[in-house]
Amino acid sequence: MIRSELLQLLEQENPGLRSDEIEKILDIFFDNIIARLAEGGRVELRGFGAFSTRAREPRKGRNPRTGEAVDVPAKRVPYFKPGKEMRARLNAD
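Per my numbering, residue 94 is the first one in the sequence shown, and the count goes up by one each step.
Next comes the structure, spelled out in structure tokens:
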């Protein structure tokens, strides 16, 4: 599902809201998750999962075109851990 499909689904399920209102709500939702992760925090949505970041150490990489060694700096990457309820629904027979 992509963002536009999510917006359409929310519009169908919430006919009392205008499409620009739904888009604003979605923007606020995602912006707040991103801001919290940028602060080094964690966002947990019960039954769905938890978003956090993981630290990656600096390392040596390779330029795929030339094969030359390249220094890759340390960084934080987003991480998602699905909740118990989501795992149960995904693995239900």
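All C-beta atoms, glycine included, are put in the ideal place defined by N, C-alpha and C.
Within the same chain, and ignoring the five residues on either side of V136 in sequence, the residues whose Cβ sits closer than 6 Å to its Cβ are I126, R129, F144. About 5 Å separates the Cβ atoms of G142 and G176, confirming a contact at the 8 Å cut-off. Where L183 is concerned, the enclosing alpha helix (DSSP H) starts and stops at 177-183.
In this structure, the alpha-carbon of E150 lies about 45 Å from that of R111. Per DSSP, the unbroken beta strand (DSSP E) holding D164 starts and ends at 162-165. Apart from sequence neighbours up to five positions away, the residues of its chain that approach A162 with a beta-carbon distance below 7 Å are K153, R155, ordered along the chain.
The alpha-carbon of K174 is positioned some 25 Å away from that of L102.
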